[in-house]
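Presented below is the structure to which this report refers.
Numbering (the UniProt record's numbering), first residue to last: 1 to 227.
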């Protein structure tokens, strides 16, 4: 007779998954992905918007053409890096390969061919959209992480600090001044950590889905057009 208590959908298994999230290595890879999203999003956005604004502003003199082209090449590099990041940290395999675009500028014909290849690469354009979304995603994810874990740390520290000399331990409008309140706050902190880690995993999975939808979708569309 099978033991239904441990079936994948049983309450016991669900509770084990909920409590076991801090012991799952993928949780920390997801955290690393989210923490990297903030500085990467700012760096991507700064470089690409600076390149595009400068290049587009100089298009009338034709000096902007190589700047715009260089910016799109950088965007292709960003797309390639984001594919690898999703693969290594989120275990999400995104279709496509940006490294196969040949860049050659030895002659006018080669420069024209390179320009055509870059301009017709789907990832050059979906990558621009990814850069904008990554900036927003990184800011939101970082803000949510800092807020959730700052609140959790405040609650977890209550049993140790609530009666420290010269300290008035408050949580919002509430003053914690008894051991019972401090222990309750610590327990709530543990619960909030677990919930925050599950939310973190969900936000990271959404980031992987977003990357696959933009970059993998572009690759699949290109393959369908060539078929």
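Glycine residues also receive a C-beta, built at the ideal position from the N, C-alpha and C atoms.
Being a predicted model, the structure only gives us computed values, none of them experimental.
Output the boundary residues of the alpha helix (DSSP H) element that contains residue i.
i, result
"residue 216", "That residue, residue 216, is in no alpha helix (DSSP H); it is neither H nor E in DSSP."
"residue 86", "64-90"
"residue 137", "122-156"
"residue 209", "179-211"
"residue 53", "25-57"
"residue 164", "Looking at the DSSP string, residue 164 is not in any alpha helix (DSSP H), and its letter there is neither H nor E."
"residue 60", "Run containing residue 60: none; DSSP gives neither H nor E here."
"residue 11", "11-19"
Report the CB separation of residue i from residue j in whole angstroms; it is logged as a contact under 8 Å.
i, j, result
"residue 85", "residue 210", "Actually they are not in contact, since the Cβ atoms of residue 85 and residue 210 sit about 12 Å apart, beyond 8 Å."
"residue 58", "residue 51", "In fact, because the Cβ distance is near 11 Å, the residues do not count as touching under 8 Å."
"residue 156", "residue 186", "6 Å"
"residue 90", "residue 208", "4 Å"
"residue 69", "residue 118", "6 Å"
Is it buried or exposed for residue i, if we count other Cβ within 10 angstroms and need 16 for buried?
i, result
"residue 75", "buried"
"residue 174", "exposed"
"residue 172", "exposed"
"residue 62", "exposed"
"residue 112", "exposed"
"residue 20", "exposed"
"residue 10", "exposed"
"residue 176", "buried"
"residue 135", "buried"
"residue 60", "exposed"
"residue 109", "exposed"
"residue 16", "exposed"
"residue 82", "buried"
"residue 224", "A caution first: residue 224 carries a pLDDT of 48, below 50, which makes its placement in the model too unreliable to give a value."
"residue 150", "exposed"
So which of the options has the shortest CA-CA distance to residue i?
i, options, result
"residue 38", "80, 175, 139", "139"
"residue 53", "67, 122, 17, 11", "67"
"residue 72", "36, 40, 116, 185", "116"
"residue 161", "183, 147, 146", "183"
"residue 22", "137, 200, 205, 207", "200"
"residue 148", "195, 33, 93, 88", "195"
"residue 42", "205, 131, 121", "131"
"residue 154", "189, 118, 144", "189"
"residue 178", "191, 159, 192", "159"
"residue 46", "78, 15, 35", "78"
"residue 34", "197, 141, 192", "141"
"residue 14", "95, 83, 80, 198", "198"
"residue 192", "152, 36, 18, 144", "152"
"residue 88", "25, 170, 150, 144", "25"
"residue 238", "170, 137, 143, 169", "Missing from the structure shown is residue 238; the chain here goes from 1 to 227 and no further."
"residue 143", "170, 56, 36", "36"
- Please confirm if the region 117-127 is in contact with the region 27-36, defined as three or more CB-CB distances below 8 Å between the two stretches. Look at the beta carbons and you see the region 117-127 not touching the region 27-36: under three pairs across the two are nearer than 8 Å.
- Message: Across the region 161-173 and the region 198-215, are there enough close Cβ pairs to call them in contact, namely three or more that are closer than 8 Å?
- Response: With a cut-off of 8 Å, the region 198-215 and the region 161-173 do not count as touching, because too few Cβ pairs lie within range.
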